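**Student:** Please find one structure pasted underneath; my questions will follow.
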Amino acid sequence: MGVTTRKICRLVPLVPIIALLYFLVAAVRDGGVFPPPPGELSASLSPGVTDWSKFAYFQYVTTSDCLCNAVMIMETLDRLGTRAEKVVVYPSTMIAGDLETDDSHNARLLRRARNEYHVHLRPTQVQHRAVLDTYYEDSFTKLLVFNQTQYERVLHLDSDATVLRLMDELFLLPPCPVAMPRAYWLYPDDPKLASPLMLVQPSAAEFERNMAETEQAGRSEYDMEVVNALYGDRALVLPHRPYLMLTSELARDPDDHEAYLGTDREAWDPVAALGELKYLHFSEAPLPKPWGNISDEMREKFQPRCHVRDGAESCSERDIWNGIYTDFRHRREVRNTPLAPPCRSFPLC
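Note that numbering that gives the first Met the number 0 numbers the sequence shown so that position 19 is 18, with each residue one more than the last.
Written out as structure tokens, the structure reads:
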């Protein structure tokens with residue numbers, strides 16, 4: 000049986016870690032109560048001289064599910080008070096007629112993004128390629144970020160994720176064609192940069208290079224392989240802490256976090272890790288994405304295990320993991336629907 004709104008709304012005793020999780024998630028979305036990590040570049044250093052209209056967060060859409068996720072991301076960025084602009088590119092075929100008069104759910108979502116969350120909407124043609132894993136056959140559309148030449152810098156974020164904090168400070172980094180974090184989960188066996196988060200300086204030349212590299216990519220090569228072929232040895236490397244974590248990190252054994260922590264001298268603390276994190280990416284194949292049908296059996300199979308910490312059983316990772324998935328589903332189904340009574344599903348998407 001899939002997760003239902005009734006189960007989400009069922010009142011159950013919550014362990015303290017769940018309360019802390021919701022405090023963390025709610026706090027960072029509503030403006031942030033935690034100071035930035037030491038040494039973090041603050042986007043508020045020169046608010047009077049920075050022209051924020053030159054910068055934008057970017058989302059690409061290929062399906063209705065992607066559209067919903069993109070709207071959720073943009074709503075979060077808008078509520079957190081980003082000073083950068085926000086752009087969503089979507090398939091021109093998604094709307095049958097005029098956006099203003101179309102009464103489809105997709106059209107209503109697009110208008111909502113524009114009118115309520117101040118998003119610039121750009122219809123486009125999906126960049127489709129026949130690849131071995133069909134889930135990624137339209138993911139090359141994200142490379143349109145290189146063609147957003149009306150901006151000096153654009154920050155692409157994959158939409159199958161949760162934004163916990165603003166990343167405006169990245170727009171103020173020294174000039175470079177591309178900045179990306181390492182795909183820390185692949186190190187050291189397969190060192191690559193991670194494409195779920197990319198800071199780009201758009202230009203016609205770089206866009207043409209990306210399209211040319213895409214055309215010659217093999218069927219087992221995807222958007223991440225394309226950008227690594229072009230920028231793997233010339234991109235500015237962003238620290239994945241605090242800018243990128245996979246949800247699968249929470250399911251690792253307590254002593255198996257060296258790749259994420261970057262050292263074997265630091266003890267893993269899931270609450271502290273979430274407390275500094277800015278962008279959490281849902282990636283736990285073959286577990287479906289959180290908007291999919293996750294059965295109770297699958298949840299039991301994939302959720303983190305409890306373990307002994309300091310002589311006592313700890314289920315912190317499991318509780319945080321379940322809280323993250325519940326939070327995403329709750330926001331997708333209930334949040335921002337003014338007429339929704341408690342525990343009734345009026346889907347945003």
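By construction, the Cβ of each residue, glycine as well, lies at the ideal position given by its N, Cα and C atoms. Note that this is a predicted model, so its numbers are computed, not measured.
1. Start and end of the alpha helix (DSSP H) containing PRO241?
2. Quick one: which unbroken alpha helix (DSSP H) runs of 4-plus residues sit fully inside the segment 176 to 228? Chain order, please.
3. Take every Cβ of the segment 237 to 250, pair it with every Cβ of the segment 274 to 281, and state whether three or more of those distances are shorter than 8 Å.
4. Where THR49 and SER194 are concerned, what is the direct C-alpha to C-alpha distance, given to the nearest angstrom?
5. Which residues bound the alpha helix (DSSP H) around ARG331?
6. On a Cα-Cα basis, can you pick out the residue from PRO287, GLU99, LEU109 and PHE301 that is closest to TYR89?
7. I think THR123 touches SER91, with their Cβ atoms under 8 Å apart; what is that distance to the nearest whole Å?
8. Roughly how many angstroms separate the alpha carbons of LEU192 and ALA216, rounded to a whole number?
9. For PRO269, write down the residues that DSSP places opposite it in a beta bridge.
10. If distances are taken between C-alpha atoms only, which option among HIS306, GLY310, SER282 and GLN302 comes closest to ALA160?
11. Out of HIS306, GLY96, LEU142 and TRP290, state which residue places its alpha-carbon closest to the alpha-carbon of GLU332.
12. Given PRO36, which residues of its chain have a CB within under 7 Å of its CB, disregarding the five upstream and five downstream residues?
13. Could you give the residue range of the alpha helix (DSSP H) that holds VAL48?
14. Please look up how many angstroms separate the CB atoms of LEU249 and ILE293, rounded, as I've assumed it's under 8 Å.
15. Assuming the contact rule is C-beta atoms closer than 8 Å, ARG152 and PHE170 should be a hit. Round their C-beta distance to whole Å, please.
16. Under a three-way DSSP split, which group does PHE281 fall into?
17. Could you pull the start and end residues of the alpha helix (DSSP H) that ARG110 belongs to?
**Tutor:** In this structure, then:
1. 239 to 242
2. 203 to 214
3. yes
4. 27 Å
5. Per DSSP, ARG331 belongs to the alpha helix (DSSP H) from 315 to 332.
6. For TYR89, the nearest C-alpha among the options comes from LEU109.
7. About 6 Å separates the two Cβ atoms, so the contact holds.
8. 17 Å
9. None; PRO269 has no bridge partner.
10. For ALA160, the nearest C-alpha among the options comes from SER282.
11. Out of HIS306, GLY96, LEU142 and TRP290, TRP290 has the C-alpha closest to the C-alpha of GLU332.
12. With a pLDDT of 46 at PRO36, under the threshold of 50, the modelled position of that residue is not reliable, and the figure given next carries that caveat. Result list for PRO36: PRO241 and GLU275, in chain order.
13. That residue, VAL48, is in no alpha helix (DSSP H); it is neither H nor E in DSSP.
14. Wrong, their Cβ atoms sit about 15 Å apart, outside the cutoff.
15. The Cβ separation is near 5 Å, so the contact holds.
16. coil
17. 104 to 116
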